[in-house]
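Down below is the structure, laid out as structure tokens.
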Amino acid sequence: MSTQTFGEPVRRNANPRLLRGEGAYVDDISLPGALHAAFLRSPFARARIKTIDIEEARAHPGVVKIYTCDNIGTLDNELPLLVPHPSLTGARTQRPLARDDVFHVGQAVAMVVAVDRYVAEDVLRLIDIDYDPLPVTPDLEAAASPGSHLVHSEVPGNVAAEFEQRSGDPDTAFVQAEHITKIRVRIERSTAAPLECRSVAARHDGVTGELTVWDGTQAPISIRGGLAALFDIDEDKVRVIAPDVGGGFGQKVMLFYPDEVLVPYAAIELGRPVKYIEDRQENFLSSNQERAQIHELELAATKEGEVLGLRDSFLHDTGAFIPYGIAVAQVASTSIAGPYRIPNIWIKFKAIYTPTVPVSPYRGCGRPQACFAIERAMDKLADELELDRLAVRRRNMITPDEFPYEREGLLFADGLPVRYDSGEYIGALDKITETVDLDAFRSEQRAARTRGKYLGLGLACYVEGTGIGPYEGGQIRVHPNTGKVYVNTGLAAQGQGHETAFAQIVADQLGVPVADVIVVEGDTQAYDWGVATFASRAAVVSGNAIYKTAVAVREQLLKRAAEMLEAAPLDLELIDGKARLKGMPERSVTLAEIATLANPLRYGFSEASKSATQFAKRAKHDGPALGEGEHPGIQAQDYYSPPCATWAYGIHAAVVEVDPEFCTVRFLRYICLHDCGRMINPAIVEGQIRGGVAQGIGGALYERVEFDEEGNPRNANFMDFLMPYATEVPEIEIVHFETPSPLNPLGVKGVGEAGVIAVAATVVSAIEDALKPFGIGRLLEVPLSPSSLHAALTDAEAYKDQYARET
Amino acid sequence: MNNRRPTASMPRSTDPTREINLTVNGEPISWTVSTRMLLSDFLRHELGLTGTHVGCEHGVCGCCTVIIDGWSGRSCLTLAVQMDGADIRTVEGLAASDGTLHLLQQAFHEHHALQCGFCTPGFLMALVNYLERTADPDLSEQSIREILSGNLCRCTGYQNIVAAVRQAAALMAKKT
Chain U
37 MSTQTFGEPV RRNANPRLLR GEGAYVDDIS LPGALHAAFL RSPFARARIK TIDIEEARAH
97 PGVVKIYTCD NIGTLDNELP LLVPHPSLTG ARTQRPLARD DVFHVGQAVA MVVAVDRYVA
157 EDVLRLIDID YDPLPVTPDL EAAASPGSHL VHSEVPGNVA AEFEQRSGDP DTAFVQAEHI
217 TKIRVRIERS TAAPLECRSV AARHDGVTGE LTVWDGTQAP ISIRGGLAAL FDIDEDKVRV
277 IAPDVGGGFG QKVMLFYPDE VLVPYAAIEL GRPVKYIEDR QENFLSSNQE RAQIHELELA
337 ATKEGEVLGL RDSFLHDTGA FIPYGIAVAQ VASTSIAGPY RIPNIWIKFK AIYTPTVPVS
397 PYRGCGRPQA CFAIERAMDK LADELELDRL AVRRRNMITP DEFPYEREGL LFADGLPVRY
457 DSGEYIGALD KITETVDLDA FRSEQRAART RGKYLGLGLA CYVEGTGIGP YEGGQIRVHP
517 NTGKVYVNTG LAAQGQGHET AFAQIVADQL GVPVADVIVV EGDTQAYDWG VATFASRAAV
577 VSGNAIYKTA VAVREQLLKR AAEMLEAAPL DLELIDGKAR LKGMPERSVT LAEIATLANP
637 LRYGFSEASK SATQFAKRAK HDGPALGEGE HPGIQAQDYY SPPCATWAYG IHAAVVEVDP
697 EFCTVRFLRY ICLHDCGRMI NPAIVEGQIR GGVAQGIGGA LYERVEFDEE GNPRNANFMD
757 FLMPYATEVP EIEIVHFETP SPLNPLGVKG VGEAGVIAVA ATVVSAIEDA LKPFGIGRLL
817 EVPLSPSSLH AALTDAEAYK DQYARET
Chain V
47 MNNRRPTASM PRSTDPTREI NLTVNGEPIS WTVSTRMLLS DFLRHELGLT GTHVGCEHGV
107 CGCCTVIIDG WSGRSCLTLA VQMDGADIRT VEGLAASDGT LHLLQQAFHE HHALQCGFCT
167 PGFLMALVNY LERTADPDLS EQSIREILSG NLCRCTGYQN IVAAVRQAAA LMAKKT
């Protein structure tokens, strides 16, 4: 491979296998003799469990075992609080199976293990539980108000955490302000809804004591560590495999969902493999969700639109438990000032328990909410000051010479200061304005209005701290017989294309085709140092670890090849799977030969070993085969630990047409300008962005997990929980900016969440712009359904005159 | 925890069964199935054709789409016993026996029209069925999106799938 592949839209190595239907997701893995688990879940949002009667269920044909909190040994405890924080005043996490109390509809109460899933589900109906239902307050705002019913009786006010941060001198800024803009926005709860639900299977070998767990997780290494600790088994005896995983978006990095500990437990106890495949309803009832927040934000500004200070106080719905601590709210609070200078900031949030499905990060992790709050406020500020929306943004954007830009006093979710490392914010704003062709749009908008058509333009900016630590590793080996390159890292993939992007990094260093670099991850037996896939960190953290390792392997190859070819390493190049003398391509050795020769023991198994042997006579025979500090083979291992997050950013713009009569929204254009530093594979980057925008459109217009006043989910299925299909997602134009990150050798920033963050703010801004002629009020809640749009319109006088004649 | 060894006396399901005869990817099959077994479970767990995926089990997401007697259908809403005498095609039957990708699969590969790959077999089967019956080399963007609207994808944002369909439609129409 003579050309650099970094930056090229290389087709993915994984595609052909997945396209032929040869993927191996957890439920595809055949486990002969496997038993199947099903869960009995609470039908109440809050109740006391008086009795659990399993006698009739136990007698049903096909049942092997029924588990309740009484027969799961030491697992009958609250599961770990993953991210402790001093602000947590009443941190509660769930138990694998409820004891005494249930805290949300869907909480697991019993697990049935039976010969097949059909029987296991039959038996759920035969378990008799006597509940004493308790009153609830499921609504976030009501739950945070005095007199609300408590989720956890020992946690007053339902306040799980309260946290305040300050940067600069916000009080003085507000005193000095010439204008103050206030805004209150509400973002509803949503869910990741990966198309493969969660899944776990386990097999225990009674002879060797080895426990193997297949888990559709984003964090196999952490799951392994946790299972070893919970079961008190040596880590080397626990192997966790995340095989192909059908989407994750954050939902699959929980540690632990109850099934993730109970299925292995049952496999050990019953001596048979056990499998649990979550169904779609269960995914809505018990797999973590996110998004619900209510922000009250104020901007202190000059008359010219210079924002001097920001105050934001918000409520964050954490559901019935808070396993991730304040992570989501903290990310929201530290992203609140966006790409703007805003030197004085005060933020405060309360994380509130509600008797609903627990909350943990879903793609975006608090940023879509923060972006919606600040960007809606910037629109309002501009309108109140009678300034152009874009001009106000431009005036406040951090300029390139101000980087690194630190918000002193604000700590990001990794506990490190918020410090933007690089960006071209104003350049990006200029570029997207040019792409939209603002003047042309405005005249089109005017013309359309004369025809009774309502067009609007919305625009929103975001920043995203990506690539947080603590670290990831890379391990690379060159295979002796084939010359193929095996790469390991401690992540798991759910469709991001790691196997191709990481292969590109290695291919460039070692001069081999991308297809000859085989990336193996998601299996603790292959590699077990690392953290997990989340927070847009794979390319940054694993990518750089693999890059550093590849550089070391390159040096090893050149050194060995130089010995074989009796040349200086500097005179060699790695190209087309060979090391060859520059200018004399016929003087070369293959990577297979180098790797073979690098092992002192080499039987003549293959052509590579036979030909490597001809070079062996040049090796010294006056000492041990491996010198002090040498190792056999061509292999290396290295790590990358980022100094702090690297901040990506972007700007979205949408042109929409709103039908004021039917309250429908049609996209005419959607443009995403983004900057994730240097791109490894633009096709993969664009795929990540478009998928994120689609989820963002869901959040802006459709997706809302609804609970009734008793805490019952009202739309826990794909019929009623609306997600965008191909007919709802427009063509998404993408503009790439590449400002390298100065923080890591590859200059990359994360992009996994970039697409989703600014969509709600962009779309709602566009709709508001379209409907300005009616004089509608501010649109401050998402998702913005046709009904809520209709309500906003019917409040507007001009609309009443025109459309509401008959109502 | 005690390490009980598996025993021969493990309980069994007492579900009633029935024999069915059908063709799957051109191969005749006789099988005894539980009368309430879903077609998706039959294909996946009895025949080992795990390329057919199950995303929602209520017929909305389209992941489980297979072709039944020439029409695309949801295998999660179909009982295996209903398939007595049927001719079924699954994603495993799309590529050539040497593994060469079908034109549509190749188009998905070239256009990066899949990410996690879970919804992909359902898209492929719904599309193959449509494109084989409707040879139209110039499908409009809007009609392609309408064709896709029975299948959910949570990763791609659909745009690359649209591009792949456009390419495959042109190539498949040329072949017919």
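In the order they appear, the protein sequences are chains U and V.
Taking the numbering used here, the leading residue of the first sequence gets 37, the next gets one more, and so forth.
Taking the numbering used here, the leading residue of the second sequence gets 47, the next gets one more, and so forth.
Where is the CB? At the ideal position from N, CA and C, for every residue including glycine.
Any idea what DSSP makes of U:Glu-789, helix, strand or coil?
Within the first sequence, residue 789 of chain U is the residue found at index 753, counting from 1. Three-state DSSP puts U:Glu-789 in coil, outside helix and strand.
For U:Val-211, count the other beta carbons within 10 Å of its own beta carbon; 16 or more makes it buried, fewer makes it exposed. Which is it?
Along the first sequence, one-based indexing puts residue 211 of chain U at 175. Exposed: under 16 other Cβ atoms inside 10 Å.
State the CB to CB distance for the pair U:Tyr-398 and U:Ser-226, rounded to an integer number of angstroms; the pair is presumed to be in contact (CB under 8 Å).
As a first step, residue 398 of chain U is located in the first sequence; it is residue number 362 there, counting from the start. As a first step, residue 226 of chain U is located in the first sequence; it is residue number 190 there, counting from the start. Contact flag correct, Cβ pair sits at about 7 Å.
Any beta-carbon of chain U closer than 8 Å to the one on V:Leu-93?
Counting from one through the second sequence, the residue named residue 93 of chain V turns up at place 47. Cβ-Cβ to chain U under 8 Å: no for V:Leu-93.
Check whether the Cβ atoms of U:Val-364 and U:Val-395 sit closer than 8 Å, and answer yes or no.
Against the first sequence, residue 364 of chain U aligns to sequence position 328. Against the first sequence, residue 395 of chain U aligns to sequence position 359. In this structure, U:Val-395 lies closer than 8 Å to U:Val-364 by Cβ.
What would DSSP say about V:Glu-65, mapped onto helix, strand or coil?
Within the second sequence, numbered from 1, the residue matching residue 65 of chain V stands at position 19. V:Glu-65: strand per DSSP, three-state reduction.
Does the structure place the stretch 676 to 695 of chain U close enough to the stretch 119 to 136 of chain V that three or more beta carbon pairs sit under 8 Å?
no
Does any residue of chain V have a CB that is nearer than 8 Å to the CB of U:Pro-636?
For the purposes of this step, residue 636 of chain U is taken as the residue at position 600 of the first sequence. It does not: the Cβ of U:Pro-636 has no partner Cβ on chain V nearer than 8 Å.
How many Å lie between U:Thr-632 and U:Gly-640 at the Cα?
For the purposes of this step, residue 632 of chain U is identified with residue 596 of the first sequence, where counting begins at 1. For the purposes of this step, residue 640 of chain U is identified with residue 604 of the first sequence, where counting begins at 1. About 10 Å.
Expressed to the nearest angstrom, what Euclidean distance is found between the alpha-carbon atoms of V:Asn-48 and U:Glu-232?
Sequence index remark: in the second sequence, residue 48 of chain V carries index 2 (1-based). Sequence index remark: in the first sequence, residue 232 of chain U carries index 196 (1-based). Its pLDDT being 43, under 50, V:Asn-48 is placed unreliably in this model, and the coordinates cannot settle the point.
Alpha carbon to alpha carbon, what distance is there between U:Ala-229 and U:Ala-323?
On the first sequence, residue 323 of chain U is found 287 positions in, with the first residue counted as 1. On the first sequence, residue 229 of chain U is found 193 positions in, with the first residue counted as 1. Rather than Ala, the amino acid found at residue 323 of chain U in this sequence is Ser. Approximately 9 Å, taken between the alpha carbons.
Residue-chain proximity (U:Tyr-398, chain V), Cβ-Cβ < 8 Å:
The residue labelled residue 398 of chain U in the question sits at position 362 within the first sequence. With 8 Å as the cut-off, U:Tyr-398 does not count as an interface residue toward chain V.
Are the Cβ atoms of U:Ala-237 and U:Leu-76 separated by less than 8 Å?
As a first step, residue 237 of chain U must be located in the first sequence, where it is residue number 201. As a first step, residue 76 of chain U must be located in the first sequence, where it is residue number 40. Going by C-beta atoms, U:Ala-237 is not nearer than 8 Å to U:Leu-76.
Does the pairing of the stretch 156 to 168 of chain U with the stretch 90 to 98 of chain U give three or more beta-carbon distances under 8 Å?
yes
For V:Thr-78, the residue or residues it bridges with in DSSP:
In the second sequence, counting from the first residue as 1, residue 78 of chain V sits at position 32. Bridge partners of V:Thr-78: V:Glu-65.
For U:Ser-226, return the contacting residues in chain V, with the cut-off set at a CB-CB distance below 7 Å.
Walking along the first sequence from the start, residue 226 of chain U turns up at place 190. Going along chain V, no residue has its Cβ under 7 Å from U:Ser-226, so there is no contact; the nearest lies around 12 Å.
Residue closest to U:Glu-296, alpha-carbon to alpha-carbon, out of U:Ile-378, U:Val-765 and U:Arg-131
Position 260 of the first sequence holds residue 296 of chain U. When only C-alpha atoms are compared, the closest one is U:Arg-131.
Length-filtered (4 minimum) alpha helix (DSSP H) runs lying within the stretch 228 to 302 of chain U
256 to 267
Below 8 Å, can you find three or more Cβ-Cβ pairs linking the stretch 58 to 72 of chain U to the stretch 306 to 318 of chain U?
yes
Own chain residues within Cβ distance below 7 Å of V:Ala-216, not counting five before or after:
Along the second sequence, one-based indexing puts residue 216 of chain V at 170. Counting only Cβ-Cβ distances below 7 Å, and skipping sequence neighbours, we find Pro-183.
What would DSSP say about U:Asn-751, mapped onto helix, strand or coil?
Taking the first residue of the first sequence as 1, we reach residue 751 of chain U at position 715. Here U:Asn-751 sits in coil by DSSP.
DSSP state of U:Leu-447 mapped onto helix, strand, coil:
Counted from its first residue, the first sequence places residue 447 of chain U at position 411. In this structure, U:Leu-447 counts as strand in the three-state DSSP scheme.
Using a Cβ-Cβ distance under 8 Å, would U:Tyr-103 count as near chain V?
Residue 103 of chain U sits at position 67 when you count from the first residue of the first sequence. So, not an interface residue.
I'd like to know whether the C-beta atoms of U:Leu-421 and U:Gly-341 end up nearer to each other than 8 Å.
Position 385 of the first sequence holds residue 421 of chain U. Position 305 of the first sequence holds residue 341 of chain U. The answer is yes: Cβ separation under 8 Å.
Since U:Trp-683 contacts U:Glu-500 with CB under 8 Å, what's their CB separation in whole angstroms?
Within the first sequence, numbered from 1, the residue matching residue 683 of chain U stands at position 647. Within the first sequence, numbered from 1, the residue matching residue 500 of chain U stands at position 464. Their Cβ separation, rounded to whole angstroms, is 7 Å, which keeps U:Trp-683 and U:Glu-500 in contact under 8 Å.
Please name the residues in the stretch 706 to 719 of chain U whose beta-carbon is closer than 7 Å to at least one beta-carbon of chain V, in chain order.
Ala-719
At a Cβ cut of 7 Å, what residues of the stretch 217 to 245 of chain U count as close to chain V, listed as they run along the chain?
Ala-229, Pro-230, Leu-231, Glu-232 and Gly-242
Please classify V:Trp-117 as buried or exposed, where buried requires at least 16 other C-beta atoms within 10 Å of its C-beta.
Position 71 of the second sequence, counting from 1, holds the residue named residue 117 of chain V. Counting Cβ neighbours within 10 Å, V:Trp-117 comes out exposed, since fewer than 16 surround it.
Endpoints, the beta strand (DSSP E) within which U:Ser-823 is located
Your numbering for residue 823 of chain U matches position 787 in the first sequence. U:Ser-823 -> not in any beta strand (DSSP E); alpha helix (DSSP H) instead, spanning 822 to 830.
Kindly indicate if chain V contains any beta-carbon less than 8 Å away from that of U:Leu-55.
For this step, residue 55 of chain U is matched to residue 19 along the first sequence. So yes, U:Leu-55 belongs to the interface.
Hey, which unbroken runs of the beta strand (DSSP E) at 3 residues or more fall wholly within the stretch 305 to 371 of chain U?
310 to 313, 329 to 337 and 343 to 355
Quick check on U:Ser-66 - is its C-beta less than 8 Å from some C-beta in chain V?
Position 30 of the first sequence, counted from the start, is the residue given in the question as residue 66 of chain U. Cβ-Cβ to chain V under 8 Å: yes for U:Ser-66.
By the three-class DSSP mapping on this structure, what secondary structure does U:Ser-226 have?
By 1-based counting over the first sequence, the position of residue 226 of chain U is 190. Three-state DSSP puts U:Ser-226 in a strand.
Same chain only: Cβ atoms within 8 Å of V:Met-218, ignoring 5 sequence neighbours per side
Position 172 of the second sequence holds residue 218 of chain V. Same-chain partners within the cutoff: Leu-149, Leu-150, Leu-177, Glu-178 and Ala-181.
Does chain U have any CB closer than 8 Å to the CB of V:Asp-61?
Reading the second sequence from its first residue, position 15 is the one you call residue 61 of chain V. Judged by the 8 Å Cβ criterion, V:Asp-61 is in contact with chain U.
Would you report the Cα separation of U:His-72 and U:Tyr-312, rounded to the nearest angstrom?
Start at 1 with the first residue of the first sequence, and residue 72 of chain U comes out as number 36. Start at 1 with the first residue of the first sequence, and residue 312 of chain U comes out as number 276. Distance between the alpha carbons of U:His-72 and U:Tyr-312: 6 Å.
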